[in-house]
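What follows is a single structure, written as C-alpha cells, with notes after it.
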Amino acid sequence: MAAPKERRTMPSVPPSPRPPADDQPGPAWFAYTASSDQIAWSKPLLDMLGQAPTQNEVSRRVLTRYVHRDDHAKALGAITQAWTSRVPVRTTVRLMRADGGWFDVDCRLEPVKSPDGTVRGIRGTVTDVSTRERERRELARLARRGETVQASLVDPDPATGLLTRARFVDEIDRAQRRGGGAILIIRVQPSRAADGDGLRPELGADLLHRAARVLEGVVQEGALLGRVGPSEIGLVLPGTSWPMARREAEVLVDALRSQTFVLPDSWLRANAWGGLVRFTPDAEAGSHEVLIDAEHAWRESRDGDRPLTLVAHPVPRRDRRGSYRTRVADALGTDRFTLYAQPILDLQSNAVTRHELLLRVLDESEGPQSPTQVLDTAERLDAVYDIDLWVVERAMQLAAEQPGQCLQINLSGRSVGDPRLTDEVERLISHYEVNPAQLTFEITETALIGNLSEARRFADRVRDLGCELALDDFGSGYASFRYLRIFPIDLVKIDGEYVVDLVDNPQDQVLVRALVQVCQAYGIHTVAEFVQDEPTLRLLRELGVDYVQGYLIGKPAPLPAGRLPSA
428 MAAPKERRTM PSVPPSPRPP ADDQPGPAWF AYTASSDQIA WSKPLLDMLG
478 QAPTQNEVSR RVLTRYVHRD DHAKALGAIT QAWTSRVPVR TTVRLMRADG
528 GWFDVDCRLE PVKSPDGTVR GIRGTVTDVS TRERERRELA RLARRGETVQ
578 ASLVDPDPAT GLLTRARFVD EIDRAQRRGG GAILIIRVQP SRAADGDGLR
628 PELGADLLHR AARVLEGVVQ EGALLGRVGP SEIGLVLPGT SWPMARREAE
678 VLVDALRSQT FVLPDSWLRA NAWGGLVRFT PDAEAGSHEV LIDAEHAWRE
728 SRDGDRPLTL VAHPVPRRDR RGSYRTRVAD ALGTDRFTLY AQPILDLQSN
778 AVTRHELLLR VLDESEGPQS PTQVLDTAER LDAVYDIDLW VVERAMQLAA
828 EQPGQCLQIN LSGRSVGDPR LTDEVERLIS HYEVNPAQLT FEITETALIG
878 NLSEARRFAD RVRDLGCELA LDDFGSGYAS FRYLRIFPID LVKIDGEYVV
928 DLVDNPQDQV LVRALVQVCQ AYGIHTVAEF VQDEPTLRLL RELGVDYVQG
978 YLIGKPAPLP AGRLPSA
C-alpha cells in the first residue's frame, strides 16, 4: 500500500487526548473489502487516530497514511501473508495520529472468506500497546548503551596491564586535589642478557612487563602504577609524607636492581633509576609539570650513576620550560629524531599514492620509539615548534628528491597556531623547489590549538600555495565537526578506534557510515586508519571511504637512504 502523494491538512482544532485502550467503548477495528476497495473503521479506531467520526469509509491508500512510514513494508507483508495463507496473522506496528504523534498497536489480521473459500477482504482488530512497546524499546536502548559505552575510563596499557600515561596523569590530578603526595618514575632497562640477547626487540617489553609484576607485589596499599614511557613505570603515592615516600622509592628501585628477571627465552638483571617528586595542592606545578620533573629526575640519576634523585620542591615553571627546550635542541642536534613512512592506499585506483611521515624518537637502549611522550611534554611546555619545523624541513627535502610522491606531515596544534610556521613553510617550499601539491599537512583533531585565528591563517595560506590540509583522528575529540566548518579541510582521517573492529561492530559501522556521509556532503575525502584485514577493507569500500592505511597496506618503515619505498 503506497503512501499518498497528497498532503494531509491538519485539523483546525487539536484532537482531544486519546483515552486509554481499556476505557474505549468497544473494540477498535477496520475491515477492507476488495470488491469496493474501501475500508470501514470503527469509531474507537477513529478516535485513536484523532479523526472526526463522521467519515466512515476511506480507501486503502488513505489508511497507509496512518501507518508509520518505517512500518509500511511490515504492515503490507502481514496483510499479504494473511490474504495468501488464509489464516490469521498478528503484527505490531505504529500508527500515526492526526496531530503528528504516533502510538503502538497489536493488530490481528483475519481473512474474510466468500462462500466458495476465496478471500474477499481483511478484518483487523487493533489494540493499543504503547506502554508495553515503550518499555520494550527502553530496555533495548539500555542494552545497546551497555554494549557500546566503554565500561571504564581505566584503559590499561596492553604491554604491562598498568594505567596508560593519560590515565596516570589523571590520577596525579586527583591526588593533588585531595592533598599532598609524591610521584616516582622508574626507568628500567636490561643490564645484561643471556646469549647476547640484548638487542632482541621484544626484550625491553618483556622486561617492563616483569618489572610491573614485581612492583605490584611490593607497593603500599593505595598506590597506583602506570606506564608513562617506553621503559618507564610511574607510581602515584597519594597522601604520603615525604619521609615515607623516600623510603618507598628506595625499596622499589632496589627491588628492581636486585631482581633476576626470567624471560620467555632468557634471564637478565636490570638497571633501574628513579626520580621522586613531592607535590602539594597549592603548588604552581600541575600534574603534567610534576610528571616532567620526575622524568627529568630519573635522567639525573642515570647520568649521575645513582639509584634515586629526590625533588622535594617542583621546579619553577620558567626553569622547567628552559630546561626542556634545551633538551629538545640537544636531541635535534644529535639526531635523536628520525622519520618513518607508512603507505596510504587509494581505493579508486587501488594503488599507493600517499605516505604519512611519522616521527620516531631514538631511545638509547631500545631503538626507535613512539614520540607521544616527548611531543605531549613539548607541546605543554611550548617547546614543540622546533620539532615540527625539523619534520617539515626533512619532508621538504624528501619531496624535492622524489617529485612523484605525496607526503602527509603531522603538525601539533600549537605549531599550527604559531605565526612563524606559515612563513617557514612558504620559505622551505621555495628553497627546496617543492611542488606544493605533494604536501598535505595533518592537524590532530584532539590537538590543543594555541591560536585559532593564526591556525586559520596557516590553513588558508598553505592551501593558497597548493598544499592540502587533513584532520587526523576524526571522531576522537570534542571539536570534530566544528573544525570542518572553520578550517578548509581536504582530507579527514577516521580514528582507528572505530575501524579496528568494524566488521564485528554494527555500532561502529553506523558511525563510520555517518562520518563518510558528512564528509561527502562537505566535499572532503576520507581515510580510514588501522585497516588490518581484507574483510575490513571490503566493508570500507562499501561505505564509500576514499583511502585506507594500516598494517594490511603496509607497516611504518624507516626511510631507506632517505627515500620512500616505491609504490
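One gets the numbering used here by counting positions in the sequence shown from 1 and adding 427 to each. The C-beta atom is built at its ideal place from N, Cα and C for all residues, glycine as well.
Item: Straight-line Cα distance separating R559 from E537; Value: 23 Å
Item: Cβ shell of I549 (< 8 Å), same chain only, five flanking positions each side left out; Value: A458, Y459, I506, A509, W510, L536, E537, P538, V539
Item: Start and end residues, alpha helix (DSSP H) containing G504; Value: 499 to 512
Item: Candidates S857, Q934, T519, E648: closest to G573 by CA position; Value: Q934
Item: Among L789, E783, V532, nearest to F764 - alpha-carbon criterion; Value: L789
Item: Reference F868; option with closest CA among S857, A822, D526; Value: A822
Item: Reduced DSSP secondary structure (H/G/I, E/B, other) of K982; Value: coil
Item: Cβ-Cβ distance between R729 and R614 below 8 Å; Value: yes
Item: Residues that DSSP places opposite Q835 in a beta bridge; Value: E783, T867
Item: Bridge-paired residues (DSSP) for F706; Value: G608
Item: Outcome for K982 when other beta-carbon atoms lying within 10 angstroms are tallied against a minimum of 16; Value: exposed
Item: Beta-carbon gap between I916 and G902 smaller than 8 Å; Value: no
Item: Under the three-state DSSP convention, the category R883 falls into; Value: helix
Item: For C534, the first and last residue of its enclosing beta strand (DSSP E); Value: 529 to 540
Item: C-alpha gap between G977 and Q686, whole angstroms; Value: 39 Å
Item: Short Cβ contact (8 Å threshold) for V663 with I599; Value: yes
Item: Beta strand (DSSP E) segment containing V425, residue limits; Value: Nothing in the structure corresponds to residue 425, since the chain is present only between 428 and 994.
Item: Straight-line Cα distance separating K470 from A525; Value: 15 Å
Item: Selected residue, minimal CA-CA separation from S857, among P846, T871, A826; Value: A826
Item: Pick from L772, L635, S714, R637 that is closest to H952, judged by C-alpha positions; Value: L772
Item: T963, enclosing alpha helix (DSSP H) - first and last residue; Value: 961 to 970
Item: Alpha carbon of S714 to alpha carbon of V704, nearest angstrom; Value: 11 Å
Item: Spatially closest choice to T611 from Q603, T587, W700, by CA coordinates; Value: The question names Thr, but residue 611 is Leu in the sequence shown. Per the Cα distances, W700.
Item: Buried versus exposed call for F671 [16 or more other C-beta atoms within 10 Å across all chains shown]; Value: Residue 671 is actually Met in this sequence, not Phe. Burial call: exposed.
Item: Contact under 8 Å by Cβ, L786 with L766; Value: yes
Item: Check: A586 C-beta below 7 Å from any heavy atom of the ligand PLP; Value: For the structure depicted, the ligand PLP is absent and the ligand set is empty, with no information on it obtainable.
Item: Span separating the alpha-carbon of R563 from that of A570; Value: 11 Å
Item: Per-residue burial, W949 [other beta carbons within 10 Å of its own, 16 or more giving buried]; Value: The sequence shown places Tyr at residue 949, not Trp. Y949 comes out exposed.
Item: Length of the line joining the Cα atoms of F914 and E853; Value: 19 Å
Item: Secondary structure of Q603, DSSP reduced to three states; Value: helix
Item: Alpha carbon of T780 to alpha carbon of P770, nearest angstrom; Value: 8 Å
Item: Interface flag, V514 vs chain C, CB-CB below 8 Å; Value: No chain C is part of this structure, which consists of one protein chain only.
Item: C-alpha distance - A609 paired with V926, whole-angstrom precision; Value: 39 Å
Item: Beta-bridge pairing of F901 - partner residues as DSSP gives them; Value: I921
Item: Per-residue DSSP class, three states only, for L652; Value: strand
Item: Whole-angstrom C-beta distance between L911 and A897, which should lie under 8 Å; Value: So it is not a contact: roughly 12 Å between Cβ atoms.
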